[in-house]
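Only one structure is covered here, and it is reproduced in the block below.
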Amino acid sequence: MPEPLIELNAVNKWFGSLHVLRDVNLTVDRGEVVVVIGPSGSGKSTLCRAINRLETINSGTIIFDGKPLPEEGKQLARLRSEVGMVFQSFNLFSHLTILENVTLGPIKVRRESKAVAKERAMKLLDRVGIGNQADKHPGQLSGGQQQRAAIARALAMQPKAMLFDEPTSALDPEMVGEVLDVMTSLAVEGMTMIVVTHEMGFARHAAKRVVFMADGELVEQAPPAEFFDNPRSERARDFLSKVLQH
Amino acid sequence: MSILIDNFDLFANGLLGTIRLCLLAAVGSLLLGGLIAAFRVSPLPPLRALGTGYVTVFRNMPLTVVMFLSAFGLPPLGVNEASFLNVPGLNFLIPQLGNNAFFRFALIAIVLYTSAFVCEALRAGINAVPTGQAEAARSLGLTFTQNLRNVVLPQAWKFAVVPIGSVIIAMIKNSAIAGSFGVAGDLMYTSDVLVSQEGLPLLPVFLGLSGGYLLLTIPLGLFLDAVERRRAATIR
């Protein structure tokens, strides 16, 4: 059996006196799509951000691709370049065009030539359906287009895994579908993904495993069909009854 | 009025001295201020402490004191004539760099003092850039300096340019302190010579003196207003 790509062991994190991650253990295999759900403040975003060390942890270990996360400096930068991250608020570089957003990482971090980086960027932008927006600035695009550009920017680094931190939560409802379509196609192609989301439909059809978090604890994990139809914990049943009844 | 016309060449010469001093000081302050600002936002605690210490010292010390320390404190420390500023080529354009040690000490003092304020204006600009921008850059694998240079500073600059401009305007006026030390060959020095050595009446000379500074600061202020209007037009 191949070793997992991402492995969290007994991870703890405090924000001051607030215990946001409690003894979290999680392994994610290569090519696996894990969807993390749970109420607000349950620590799921923090968990996602801890994996590329945008949040530091207080105890426990996180192993990526066989190696513990580096503390700081060049090695940490290299690790981050191998893990794509998509944010709730897109965070496209507002002073650059969409194309420059996508090529910045490959040119600066991977030292690729402009021509090579541009060619791949255009393919990726076409793939997410916004090739014709390449020369615009982020402010000129709709939210859905911006988030698809952000996904292209992350993919341009040819990452080993992708982290999605509530990628559709800041979008108008009509734009959620276009972003989820891109994510679904990534999942189908075998990208390793950790997706923090409130989109239960996406969890049901695209996830291989659903992880349910509450109050900083990883309460329950199961394949989506099993989780949604037969949640084992009281906490998960309560959560699902609130989000699924409407 | 005739005093101003009769001594026009002296005033012009003094104004040229001020322009030269301020041009060099502005470039030096922007460079050093940028470096100190980078220290203050760096992930390394010793660099941050250095930056904070620098700003605390030079923002709180009167410029006159910094001038004294520069002119009389540096030589015992081995910086005899500050002749490292006598840069070949540059001293051709700005002869004072080569032939006036006190011009060089005044330049050092103004740069040390002003860069503390440039640093803080720049840092305010950096803080105005949403944190998500730097996080996105980090998540792509950009190093701290790449992040600063390619993502944060180009955006921080837009927020900082007007406050930095005000710092530079204050610097131009502060440069008069160098002249009142009686050695730097700038506008203030010229006026001092005309009044105390040639015995000309103070009021018209100082009107001319003020006019000279306004000639530098008002266009700079107008330029900053234009920059701000342009920026307002690009931010949606």
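Protein chains in written order, with full-length UniProt numbering: chain C, 1 to 246; chain E, 1 to 236. For each residue, glycine too, the CB sits at the ideal point set by N, CA and C.
- The contact set of R78 (chain C) on chain E, defined by CB atoms closer than 8 Å, consists of G141 in chain order.
- Residues of the same chain with a CB within less than 8 Å of the CB of S180 (chain E), apart from the 5 flanking positions on each side, are M188, Y189 and D192 in chain order.
- The C-beta distance from D186 (chain E) to G17 (chain E) rounds to 4 Å, short enough to fall under 8 Å.
- Each residue's CA atom was taken as its position, placing G177 (chain C) and K208 (chain C) some 20 Å apart.
- Annotation: F15 (chain C) has no Cβ neighbours in chain E at a cutoff of 9 Å; minimum Cβ distance is about 15 Å.
- Residue environment: S94 (chain C) is assigned as buried (16 or more neighbouring CB atoms within 10 Å of its CB, all protein chains considered).
- Between A26 (chain E) and M171 (chain E), the alpha-carbon positions lie close to 8 Å from each other.
- Shown in chain order are the members of the region 29-63 of chain E whose Cβ falls below 8 Å from a Cβ of chain C: P43.
- Distance from the Cα of S81 (chain C) is smallest, within the candidate group C:F15, C:L54 and C:W14, for C:L54.
- Contact check for K13 (chain C) and I57 (chain C): beta-carbon distance about 5 Å, within the 8 Å limit, so the pair qualifies.
- Per the C-alpha coordinates, the member of E:L30, E:P204, E:K173 and E:L97 positioned closest to L112 (chain E) is E:L30.
- Cβ contact annotation for A121 (chain C) (same chain, cutoff 8 Å, sequence separation greater than five): L99, V102, T103, P106, A134, A152 and A156, in chain order.
- Residues of chain E with a Cβ closer than 9 Å to the Cβ of K74 (chain C) are, in chain order, T143.
- Taking the Cα positions, E32 (chain C) is about 15 Å away from C48 (chain C).
- Contact of G105 (chain C) with chain E by beta-carbon distance below 8 Å involves L140, G141 and L142.
- Between the region 39-59 of chain E and the region 109-125 of chain E there are three or more C-beta pairs closer than 8 Å, enough to call the two in contact.
- Cβ neighbours of T52 (chain E) within its own chain (closer than 8 Å, five residues either side excluded): R40.
- Within chain C, the residues placing a beta-carbon under 9 Å from that of E135 (chain E) are R49, L54, M85, F87 and N91, ordered along the chain.
- Among the residues facing chain C, G199 (chain E) is not included, as its CB has no counterpart in that chain under 8 Å away.
- Here the C-alpha atom of F202 (chain C) lies approximately 19 Å from the C-alpha atom of S89 (chain C).
- Per DSSP, reduced to three states, the secondary structure at N230 (chain C) is coil, with no helix or strand assignment.
- Nearest in C-alpha terms to P173 (chain C), of all of C:E199, C:P159 and C:R111, is C:E199.
- Against chain E, a Cβ distance below 7 Å from V109 (chain C) picks out L140, G141 and L142.
- In the DSSP secondary-structure assignment, T27 (chain C) is bridged to C:E7.
- Collapsing the DSSP output to three states places K118 (chain C) in a helix.
- The three-state secondary structure of I57 (chain C), taken from DSSP, is coil.
- Contacts with chain E (Cβ-Cβ distance below 9 Å) from the region 197-227 of chain C involve no residue at all.
- Distances from the CA of I130 (chain C) to each of C:H137, C:R148 and C:D165 were compared; the closest alpha carbon is that of C:R148.
- Residue environment analysis places D165 (chain C) among the buried positions, since at least 16 neighbouring C-beta atoms fall within 10 angstroms of its C-beta.
- Going by DSSP, I194 (chain C) is part of no alpha helix (DSSP H) but of the beta strand (DSSP E) stretching over T192 to V196.
- Taken through DSSP and simplified to helix, strand or coil, H95 (chain C) comes out as coil.
- Taking a cut-off of 8 Å on C-beta distances, the region 56-70 of chain C does not touch the region 223-237 of chain C, as fewer than three cross pairs fall below it.
- As DSSP reads the structure, K13 (chain C) sits in a beta bridge with C:L21.
- By the neighbour-count criterion, in which 16 or more other beta carbons inside 10 Å mark a residue as buried, R123 (chain E) falls on the buried side.
- T192 (chain C) is positioned such that its CB atom lies closer than 8 Å to that of A161 (chain C).
- Residues of the region 157-169 of chain C with a C-beta atom less than 7 Å from some C-beta of chain E are M157, listed in chain order.
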